[in-house]
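Structure first, commentary second.
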Amino acid sequence: MRACLLLVALFAASLSPAVADLHDPANSADYLIVTTQELISGYPWIQQLADWRTSHGRTAMVVATDSIWNEFGTGTPSDTVLREFLHYARENWTPPQLRDVFIIGYHDVVPSHVEPDSFQHGGDSIWYDPYFYLSDIFFAALPDSNPPLPQFNIGRLPWSPSQGALPTYLEKVIAYETAIPAEWQSRIHLIADSNFWQSFAEPLAAVVHAGYDIERDYLDFPPGHEWHGDRDEVLSNFQAGSYLVCYNGYHQPGVWSPDRLQLDSSAFATLTNEERLPFIVGMGHDMIQNDFRLNGIMPSALYNPDGGAIGYFGWTIAWASNGTAIKRALFRLATSDSVETLGDIWRMTLEQYIGTRPFYRPPILDPRRQTAQGCVLFGDPGLRLPPRPSAAEDPRAPLPEEIRLVSNYPNPFNASTRIVFELNRAQHVTLRVFDVTGRETATLFDAQAMAGEHDITWDATGFGSGVYFAVLQAGNARQVHKMMLLK
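Residue 234 in the working numbering sits at position 234 of the sequence shown, with consecutive numbering throughout.
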């Protein structure tokens, strides 16, 4: 009801004037909505969203792509023309400087940037074909920058003309931003549909800041265990509401965990969690060609008028080995007090991930670059996040003063395990494994390493069951972690 009353007030007046000349330095906007003139004219809620932002202290503006193509190009839709306009506005318009760009429409409405993919890692979808993938970080990074660090936040609302009318998104934004503080805003929901995918989910819990409750739905835990999850429990937790939901597992077209949970797009379209709206983080097998379909889980969750989700972080190309690292950065930032908006999480996650992982040449063969460039935020980047829990200023897993041996997962393990360590600066480190007698059994790493998080796999196929110790050493700093091998 509160959201409806606020909408009535927005209908009464339009606070953001039309733009006559995009080159005029007197223009000013720190929040920009970019879409076609046809959508602006046909759907008043787009302008009303800008008015909502203006009424809450932002300098908001709606710009039609037709004007961008004509004033900065030759009238033809172009990714490079859109990037040129956005950086021109950021550098030449009157302050405040551009901070958030909200694109409304899939790439067939407002073009995205096409990146080549020699790996052909994925399948057919609106966001991917076997030789290319689409990237929105292209617009936010400076031209020819290497690495491509985003200069502002950018998000996209998924819609294509083949879907019919453009559903409203404004009511959900207002309901979310005006929600009364409640427990759901400090709840993290982790879902894993097997032990294998649990090994990707559980390291995320280690970097969540204090003050947040973690709800786990792990399908391989037995019934009665507090971490056990099934379809009913997952849906119940969605209904109760969460700040963040992360699914780790297998996909089929429009279905999470097709053999077990069987959560399809219709389940997300019928949720009634009202203002208790999470943003979803997904990276799993076949996500890119399934969740992002026009009838997939992501648009179904975003456009559900009675609930679903408020945003979705996904990858148009996914590399699981790098996915854990980028998601750990996302979880660490999303639960800290250093982010104010949904777009801040996207931009700062990429800054941290890119800044601590060197890119290789050529770019077409670099999975780290592709992991960063394929990261897309679906939803309003200017969405104001709820207050962090008071304890969120004290992280459970603070960055190390020098080195930190984080964990291994799974633990106990059979055959292989992944060992994670963090460095505060570039330095020479060694990672060795010892048995209970103190005998060195393996040297896993002995080289110069960049600052940031590192993920090393130990293949223990030829070793016997028992206790082993991972030892990380850099100069005089040394850390030890206990591991259990079971066969």
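Ideal placement from N, C-alpha and C gives every residue a C-beta, glycine not left out.
Rounded separation between residue i and residue j - CA only
i: Ser242; j: Val234; result: 11 Å
i: Asp259; j: Asn248; result: 14 Å
i: Glu453; j: Ser162; result: 42 Å
i: Gly475; j: Arg216; result: 38 Å
i: Val313; j: Ser135; result: The amino acid at residue 313 is misidentified as Val; the sequence shows Phe. C-alpha separation (whole angstroms): 13 Å.
i: Arg369; j: Ile354; result: 8 Å
i: Phe378; j: Pro95; result: 27 Å
i: Trp45; j: Asp193; result: 38 Å
i: His225; j: Arg231; result: 15 Å
i: Pro253; j: Asp264; result: 8 Å
i: Ala426; j: Ala447; result: 11 Å
i: Ala89; j: Arg58; result: 16 Å
i: His428; j: Ala470; result: 17 Å
i: Asp24; j: Glu91; result: 12 Å
i: Asn273; j: Gln239; result: 5 Å
i: Ala460; j: Val436; result: 15 Å
i: Val488; j: Ile345; result: The displayed coordinates of the chain run from 1 to 487. Any statement about residue 488 would go beyond what the structure contains.
i: Leu190; j: Leu330; result: 14 Å
Bounding residues of the beta strand (DSSP E) (the contiguous stretch that carries residue i)
i: Thr457; result: Gly452 to Asp459
i: Asp180; result: Checking the sequence shown, residue 180 turns out to be Ile, not Asp. From DSSP, Ile180 is part of no beta strand (DSSP E); its letter is neither H nor E.
i: Trp93; result: Here Trp93 belongs to no beta strand (DSSP E), and DSSP marks it neither H nor E.
i: Ile417; result: Ile is not the amino acid found at residue 417; the sequence shown has Thr there. It spans Ser416 to Leu423 - the beta strand (DSSP E) in which Thr417 sits, taken as one unbroken run.
i: Ala442; result: Glu440 to Ala449
i: Tyr31; result: Tyr31 to Thr35
i: Leu302; result: Note, Leu302: premise wrong, no beta strand (DSSP E); alpha helix (DSSP H) at Ile297 to Tyr303.
i: Ser407; result: Ile403 to Tyr409
i: Tyr106; result: Element bounds for Tyr106: n/a, residue is neither H nor E.
i: Leu383; result: No beta strand (DSSP E) holds Leu383; DSSP gives it neither H nor E.
i: Gln163; result: From DSSP, Gln163 is part of no beta strand (DSSP E); its letter is neither H nor E.
i: Gly314; result: Gly311 to Trp315
i: Arg187; result: Arg187 to Ala192
i: Phe413; result: Element bounds for Phe413: n/a, residue is neither H nor E.
i: Ala64; result: Ala60 to Ala64
Inter-residue CB distance, residue i and residue j (contact presumed, cutoff 8 Å)
i: Asp380; j: Leu342; result: 7 Å
i: Val488; j: Leu444; result: Given that the chain is displayed from residue 1 to residue 487, the structure contains no residue 488 and the question cannot be resolved.
i: Ser300; j: Gly308; result: 7 Å
i: Phe139; j: Leu86; result: 6 Å
i: Thr65; j: Val114; result: In fact, because the Cβ distance is near 17 Å, the residues do not count as touching under 8 Å.
i: Trp69; j: Ser55; result: Not a contact, Cβ separation roughly 30 Å.
i: Pro158; j: Tyr106; result: 6 Å
i: Gly382; j: Asp100; result: 4 Å
Start and end residues, alpha helix (DSSP H) containing residue i
i: Gln239; result: Arg231 to Ala240
i: Arg276; result: Segment: none, Arg276 is in no alpha helix (DSSP H) and carries neither H nor E.
i: Thr54; result: Trp45 to Ser55
i: Gln497; result: With the chain running from 1 to 487 in the structure shown, residue 497 is simply not present.
i: Phe139; result: Ile137 to Ala140
DSSP three-state assignment for residue i, whether helix, strand or coil
i: Gln252; result: strand
i: Pro150; result: strand
i: Phe331; result: helix
i: Val429; result: strand
i: Trp69; result: helix
i: Lys482; result: strand
i: Gln262; result: coil
i: Leu98; result: coil
i: Phe221; result: coil
i: Thr168; result: coil
i: Tyr212; result: coil
i: Asp21; result: coil
i: Trp511; result: Residue 511 is absent from the model: the chain starts at 1 and stops at 487.
i: Phe434; result: strand
i: Val114; result: strand
i: Gly466; result: strand
i: Tyr510; result: Absent from the model: residue 510. The displayed extent of the chain is 1 to 487, so no value can be given.
i: Lys487; result: coil
i: Gln352; result: helix
i: Gly42; result: helix
i: Val339; result: coil
i: Ala269; result: helix
Beta carbon proximity, residue i to chain C, threshold 9 Å
i: Ser300; result: In the structure shown, chain C cannot be found, because there is only a single protein chain.
TODO: Determine, using beta-carbon pairs with one atom in the stretch 173 to 190 and one in the stretch 262 to 279, whether at least three such pairs fall under 8 Å.
DONE: yes
- [ ] Report yes or no: do three or more beta-carbon pairs, one from the stretch 186 to 196 and one from the stretch 210 to 219, lie closer than 8 Å?
- [x] yes
TODO: Say whether the stretch 477 to 486 touches the stretch 407 to 419, bearing in mind that this needs 3 or more beta-carbon pairs closer than 8 Å, one atom from each stretch.
DONE: yes
Task: Given 8 Å, three or more beta-carbon pairs between the stretch 146 to 159 and the stretch 194 to 208 - done: no
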